[in-house]
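Trainee: I have a structure I would like to understand better, so I am pasting it below and will then ask my questions one at a time.
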Amino acid sequence: MSYEIEINKQRFQDEPRAGQCLRTYVRERGWFGVKKGCDQGDCGACTVHVDGQPVHSCLYPAVRAEGRSVTTLEGLAHPDGELHPVQRRFLEAQGFQCGFCTNGFVMTTAALEAEKGTPHCDGKLDDLARAFKGNICRCTGYRAIEDAVRGVKHVEEPEAGCAVGRNLGAPAAPQVVTGTARYTFDIEVPGLLHMKLLRSPHPHARITAIDTSEALAVPGVRAVFTHEDVPDVLYSSARHEHPHEDPDDTRLLDDVVRFIGQRVAAVVADSEGAAEEGCRRVRVTYEELPHVIDPEEAMAPGAPVIHAGKGPEARIARVQSNVAGEVHGEIGDVEQGFAEAAVVYEETFRTQRVQHASLETHGCVAYFEPKEDGTGERITVRSSTQTPFLTRRALCALHGLGEDEVRVVAGRVGGGFGGKQEMFTEDIVVLAALKLRRPVKLEFTRAEQFHGASTRHPFTVRIKLGARADGKLTAISMRIVSNTGAYGNHGPGVMYHSAGESFVIYNAPHKKVEAYSVYTNVVPSGAFRGYGLGQTTFALESAMDEVARRLGMDPLEFREKNIIGPLDHMHTPIGHDDDLFIAGYGLAECLAVVRQAIAEDAGHEDVPPGWVTGQGTAVSMIATSPPRGHYADATITLLQDGTYDIAVGTAEFGNGTTTVHKQLAGDMLNTTADRLTVRQADTDVVRHDTGAFGSAGTVVAGKAVMLAATSLAERMKTFASAHTGVARHLCVLGPESFDCAGRTVTLKELYEAAHTKGKASEITAEGHFGGTPRSVAFNAQWFRLAVDPDTGEMKILRSVHAADAGKVMNPMQCLGQVEGGVAQALGATLFETVRVDERGEVTTAAFRRYRLPQYADVPRTEVHFTETSDSIGPLGAKSMSESPFNPVGPAFANALRDATGVRFTEMPVLRDVVWQRMEDAKMQGENA
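Mapping the sequence shown onto the working numbering, position 320 (from 1) lands on 963, and the numbers just tick up by one.
Structure follows, in structure tokens:
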């Protein structure tokens, strides 16, 4: 066979493998701008142009491209480096966050623009819902993408000393829009082996025998690993600063499987195809055991014990009752509070499993490199992780290695949302690499993300509220049951967090909570945006709305009567964190934004005839960083060319922390962001960093960067004074030099002087922050929506979000975080659900069966930032990554209640369910 293809004007004659898709063919030739997001043509991240036409290269056979011209994102720009107009607009609008989907949106837009004025043009660019039907973005909420397509510019030019508060672009933006940003697998590793995992077909079983001989006979298979080959050590896949926060209930490969999809064996081979065939040839004999998938049944006497035999060292609350963790507490006497109430409302609310759906799946590659001191080799793990340092710690403990023997580094991470605060791949890959002394790669498929990673915890919340006739709450009581799945990674922590700020936000003299994190034989749950607060906020805010209605009171006024004030104590039934303070109060301002939105609302102009309308509000509160310490180190150094190097441990996955770190340092050093470079997410660059989770990127790592920059500015000022003999107070730091009483000392000169005089320590400084004390942030969401009683179809007429973000470091980026949180929450509210059958098997293991919000599904949200400043956060900032998610679902449910008269108590609120409940209510009314 004679084969020739042109990729970005370069000729290739390598024949594709049988069945090979164009995506893998192109990537194997070094064009990494083409991404793997779904492998089923659902997300668009793999889009390329074939003879100018956009195609999903994961579905396009490479053999069909013979004789054709293929253009990738890297080849879109002019040969002289000038950006394509679409790339330029995405750069200027910052039409991305993590950037993993950007290839698809840019390539689709460029192809449609090229059709303008031709017979093929069908006006798709005037109808972006149709144009982007084959593209998914999990991060942005799509507004930034629309602005990029329309040519709306948001990015501002840098100015020395006034970066904070301005829309400075992401440092990696040019690389993102040209396809040269390097994500986890966008590297070439010589001699790379590939791993595939054999997974359990049973919800609960004991492995009695494994025969690997047929698998080892497959050409190209190098090794097969089973439970007989792994350390007999229990640990948790969850990553926390303090490992004792999670039960040690997991073994690397276990002889007991506890959910369908648990890994049973790992096959390592020269190619993915050989590894997959090896998995098919492994013969496993199972003894099936009883299983349970309902948490209430799991806690009942006589239920199958999922972690039988594990002792107190595993830190499982009650092994025999399948309780991973529990908490009980009461303030006052809730029964007395309910007896004093004029209105008591009690109801059960349920939330579903939700997948993080980061477009970059879990995965890592491990390889060997020389130690820095030349004393041998160390293993380097390049991983799609939010926690490089904690992952290194866990790998060292699991495999008996010293920290100098392991380096963990994250490239640009293609989305996280809490899902990558886990160790799902690194443990097994390092095992294989150490055994084989070869580089090894494991990259999850999209299906594995659904049945082999983690989900949001499904909750059942029984809530009871009491209030006096004047609208003051008398008592709040919740019974919370969280389904942690087969393993307890994050289970107790999510349960505990769910019962914290949700109780604090409203004052009541009597409060009580019972909370349980329960094992079941289903895919494990884990960390997810909001960390349990979204689930309990749905119950609390729905109940608040219902009590207000029964009192005949405006729900907004009812909230205003009961919200926590700036000087109130934050007490919960489970105690009080001594380091948590209201260091900046914006809740009342958030509600004022909602009240203003209601007052100015235009009404029902867009409502079709016969539809009913309603409006609803919800509020939420969240701590700005995790409890019990969240640590960050930063080092800033003056370089020989007069620019600065920032070294910080936290990872970048679209959260914008890299930009904020440069803004903070730039202002402290009175320079521009373009004179600062950032090295990050690498265990080599600083002493320690807990990780990019818990909304800590700005308020913890950012504070460490600010402290380092402040210290460096002071040290350089002292050295400049000594170098020139000019009084210290007369030395003024500028972008490129010091002005010392009229004498200019360039930063290059200062660098040379420091090194010449043996004073290099004077041009470098460190900053450290331990994450305490902590503050809180507030959010409010308001919707007006319309519902068709004949079909259950729902339409959002207006969406308004108020955010208490303190001093907003970068309005463009912060706006994107809020919009993305609202969009993700709308997905969880309207249709997203990880479904499992009666055996606990995931039945929605693909994007086409698990519906994600697309462009057409997400309305524009009006975002308002309150005028507050936090006394703890860096320069007054608060966190704003997780919190926008939490009030969205209950606000929508409250608006739906207002429109239909029906209280919806389960998520998601599917269209057919809405119609059926409205029909049931109508029939009950007719029969009354």
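For glycine and all other residues, C-beta sits at the position ideal for the given N, C-alpha and C.
Return the first residue and the last residue of the beta strand (DSSP E) that C1374 is part of.
Mentor: For the purposes of this step, residue 1374 is taken as the residue at position 731 of the sequence shown. Counting along the chain, the beta strand (DSSP E) containing C1374 begins and ends at 1374-1376.
Trainee: What are the complete alpha helix (DSSP H) segments, minimum 4 residues, inside the stretch 925-977?
Mentor: Fully enclosed alpha helix (DSSP H) runs of 4 or longer: 938-942.
Trainee: Relative to the alpha-carbon of A866, which residue among E919, F1087, A1466 has its alpha-carbon at the smallest distance?
Mentor: Locating residue 866 in the sequence shown gives position 223, where the first residue counts as 1. Checked all of E919, F1087, A1466; the closest Cα to A866 is E919.
Trainee: Measure the alpha-carbon distance for D872 versus A1335 and round it to whole angstroms.
Mentor: As a working mapping, residue 872 is identified with position 229 in the sequence shown. As a working mapping, residue 1335 is identified with position 692 in the sequence shown. Taking the straight line from one Cα to the other gives about 32 Å.
Trainee: For F733, report the span of its alpha helix (DSSP H) as first-last.
Mentor: As a first step, residue 733 must be located in the sequence shown, where it is residue number 90. Here the alpha helix (DSSP H) through F733 covers 728-736.
Trainee: Which runs of the alpha helix (DSSP H) fall wholly inside the stretch 732-793 and span at least 4 residues, in chain order?
Mentor: Whole alpha helix (DSSP H) segments, 4+ residues: 745-758, 771-774, 786-793.
Trainee: Any idea if C805 is buried or exposed, counting beta-carbon neighbours within 10 angstroms, 16 or more meaning buried?
Mentor: Position 162 of the sequence shown, counting from 1, holds the residue named residue 805. It is exposed - the Cβ of C805 has fewer than 16 other Cβ atoms within 10 Å.
Trainee: Can we say the stretch 1417-1426 touches the stretch 1394-1403, given the rule of at least three CB pairs closer than 8 Å?
Mentor: With the cut-off at 8 Å, the stretch 1417-1426 and the stretch 1394-1403 do not touch.
Trainee: Quick one: what does DSSP say R670 is sitting in, helix, strand or coil?
Mentor: For the purposes of this step, residue 670 is identified with residue 27 of the sequence shown, where counting begins at 1. Helix at R670.
Trainee: Assign D1513 to one of two classes, buried (16 or more other C-beta atoms within 10 Å of its C-beta) or exposed (fewer than that).
Mentor: For the purposes of this step, residue 1513 is taken as the residue at position 870 of the sequence shown. With 16 or more Cβ atoms within 10 Å of its Cβ, D1513 is classed as buried.
Trainee: Of all the beta strand (DSSP E) runs that stay within the bounds of the stretch 1335-1421, which reach a length of 3 or more residues?
Mentor: Entirely contained in the stretch 1335-1421, the beta strand (DSSP E) runs reaching 3 residues are, in chain order, 1374-1376, 1380-1383, 1386-1389, 1407-1412.
Trainee: Find the nearest neighbour of A1186 within the set S1364, R781, R1540, judged by alpha-carbon distance.
Mentor: Reading the sequence shown from its first residue, position 543 is the one you call residue 1186. Residue R1540 is the option with its Cα nearest to A1186.
Trainee: In whole angstroms, what separates the C-alpha of P1496 from that of A1471?
Mentor: For the purposes of this step, residue 1496 is taken as the residue at position 853 of the sequence shown. For the purposes of this step, residue 1471 is taken as the residue at position 828 of the sequence shown. Distance between the alpha carbons of P1496 and A1471: 9 Å.
Trainee: My assumption, with CB atoms under 8 Å, is that S1160 sits in contact with S1125. Please give the rounded CB distance.
Mentor: As a position in the sequence shown, residue 1160 is number 517, starting the count at 1. As a position in the sequence shown, residue 1125 is number 482, starting the count at 1. At roughly 5 Å, the Cβ-Cβ gap stays under 8 Å, so S1160 and S1125 are in contact.
Trainee: Tell whether a beta-carbon distance below 7 Å holds between T1180 and N1529.
Mentor: Indexing the sequence shown from 1 puts residue 1180 at position 537. Indexing the sequence shown from 1 puts residue 1529 at position 886. Cβ distance < 7 Å, so T1180 and N1529 count as in contact.
Trainee: Roughly how many angstroms separate the alpha carbons of A1408 and R1358, rounded to a whole number?
Mentor: To locate residue 1408, count along the sequence shown from 1; it is residue 765. To locate residue 1358, count along the sequence shown from 1; it is residue 715. Distance between the alpha carbons of A1408 and R1358 is about 8 Å.
Trainee: Comparing alpha-carbon positions, which option in R996, E1091, I1279 lies nearest M1311?
Mentor: Here residue 1311 refers to the residue found at position 668 of the sequence shown. It is I1279.
Trainee: For H763, is the classification buried or exposed, using 16 other Cβ atoms within 10 angstroms of its Cβ as the cut-off for buried?
Mentor: Taking the first residue of the sequence shown as 1, we reach residue 763 at position 120. Exposed, since its Cβ has fewer than 16 Cβ neighbours within 10 Å.
Trainee: Report the rounded CA-to-CA distance for S1268 versus G1414, giving the unit in angstroms.
Mentor: By one-based count along the sequence shown, residue 1268 stands at place 625. By one-based count along the sequence shown, residue 1414 stands at place 771. If I take the Cα positions, the gap works out to 7 Å.
Trainee: Please classify R654: does DSSP put it in a helix, a strand, or coil?
Mentor: Taking the first residue of the sequence shown as 1, we reach residue 654 at position 11. Of the three classes helix, strand and coil, the one that applies to R654 here is strand, per DSSP.
Trainee: Three or more C-beta pairs closer than 8 Å, one from the stretch 1325-1335 and one from the stretch 1025-1038: is that the case here?
Mentor: A contact exists between the stretch 1325-1335 and the stretch 1025-1038.
Trainee: With DSSP as the reference, identify every bridge partner of P697, one or two as the case may be.
Mentor: Within the sequence shown, the letter at position 54 stands for residue 697. Paired residues: H692.
Trainee: Please tell me whether H1214 has its Cβ less than 7 Å away from any Cβ of chain B.
Mentor: Protein chain content of the structure displayed is limited to a single chain, and chain B is not contained in it.
Trainee: Taking the straight line between their C-alpha atoms, what separation do you get for R1193 and V986?
Mentor: Residue mapping note: residue 1193 aligns to position 550 of the sequence shown, counting from 1. Residue mapping note: residue 986 aligns to position 343 of the sequence shown, counting from 1. Cα-Cα distance, rounded: 7 Å.
Trainee: Decide if I853 is buried, meaning its Cβ has at least 16 other Cβ atoms within 10 Å, or exposed.
Mentor: Locating residue 853 in the sequence shown gives position 210, where the first residue counts as 1. Buried, because 16 or more other Cβ atoms sit within 10 Å of the Cβ of I853.
Trainee: Whose C-beta lies closer than 6 Å to the C-beta of D621 among residues of the same chain, with five residues either side of it excluded?
Mentor: Residue 621 cannot be examined here, being either before or after the span of the chain that is shown, 644 to 1571.
Trainee: Is the beta carbon of N1316 sitting closer than 7 Å to the one on L896?
Mentor: The count along the sequence shown starts at 1 and reaches residue 1316 at position 673. The count along the sequence shown starts at 1 and reaches residue 896 at position 253. Rather than Asn, the amino acid found at residue 1316 in this sequence is Ala. Going by C-beta atoms, A1316 is not nearer than 7 Å to L896.
Trainee: Smallest Cα separation from T1624: which of A753, G684, G742, G738?
Mentor: This structure leaves residue 1624 out entirely; the chain is present only between 644 and 1571.
Trainee: So what does T1004 bridge to, in DSSP terms?
Mentor: As a working note, residue 1004 is residue 361 in the sequence shown. According to DSSP, which records beta bridges pairwise, T1004 is partnered with nothing at all.
Trainee: At the level of alpha carbons, what is the spacing between E888 and H1133?
Mentor: Here the question's residue 888 lines up with position 245 in the sequence shown. Here the question's residue 1133 lines up with position 490 in the sequence shown. If you take the alpha carbons of E888 and H1133, they lie about 8 Å apart.
Trainee: Assess, as a yes-or-no matter, whether the stretch 1457-1464 is touched by the stretch 783-795 under the definition of 3 or more beta carbon pairs within less than 8 Å.
Mentor: Enough Cβ pairs lie closer than 8 Å, so yes.
Trainee: Which one of G1401, K1400, V1369, K1402 has the shortest CA to CA distance from R1386?
Mentor: Within the sequence shown, the letter at position 743 stands for residue 1386. Of the listed residues, the one whose Cα sits closest to R1386 is V1369.
Trainee: Buried or exposed: where does H1094 fall if 16 or more other Cβ atoms within 10 Å of its Cβ makes it buried?
Mentor: By one-based count along the sequence shown, residue 1094 stands at place 451. Buried is the call here.
Trainee: Figure out for me which residue from D790, T751, G760, A1037 has the closest Cα to the Cα of T893.
Mentor: Here residue 893 corresponds to residue number 250 of the sequence shown, with the count starting at 1. Comparing Cα positions, the closest option is A1037.
Trainee: Opposite K1565 in the DSSP bridges: which residues?
Mentor: Along the sequence shown, read from residue 1 onward, the residue named residue 1565 stands at position 922. K1565 pairs with nothing; no bridge assigned.
Trainee: Report all residues from its chain with a CB closer than 6 Å to the CB of S1575; omit the five preceding and five following residues, and keep chain order.
Mentor: The structure shown does not extend to residue 1575, since the chain is modelled only from 644 through 1571, so no value can be given for it.
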